[in-house]
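Residue numbers (the working numbering): 8 to 99.
Built from N, CA and C at the ideal position, the CB exists for glycine as well.
Below is one structure; the comments refer to it alone.
Structure representation (C-alpha cells):
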C-alpha cells in the first residue's frame, strides 16, 4: 500500500518523494540525476563505506508519519554525533 507524505504526493515508484525528486519510473520535475547516455552505457557507480547497523525491532511502516519522522531525525543526529567525527578523524 502506498503511503502519502503530508503534502499529498505519493512515495511509490512513480510518485514524488522528498523535495519533489520524482520516482524511479517517471522523470522528476528537476530532471534525472545522471544523463541517459551514462545510464544506458557503462552505468554509474558510487563508492560506499559500511558505517554500521542498528537492530530494528518493529517495521517503520507500522508507525504513523510523525513517529517515523521523529525516529529518523533522532538516528540521523546520533549518526552525526558518533560516526561523522570518526570518519573525519580517519581521513587525515
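| Check | Outcome |
| --- | --- |
| Through-space distance from residue 60 to residue 88, alpha-carbon basis | 15 Å |
| Residue 51 vs residue 45 beta-carbon contact at 7 Å | yes |
| Beta carbon of residue 90 nearer than 7 Å to that of residue 58 | yes |
| Residue 57 - DSSP class collapsed to helix/strand/coil | coil |
| Whole-angstrom distance between residue 40 and residue 29, CA atom to CA atom | In this prediction, residue 29 scores a pLDDT of 49, lower than 50, which makes its location untrustworthy; the coordinate-derived value is nonetheless stated afterwards. Approximately 11 Å, taken between the alpha carbons. |
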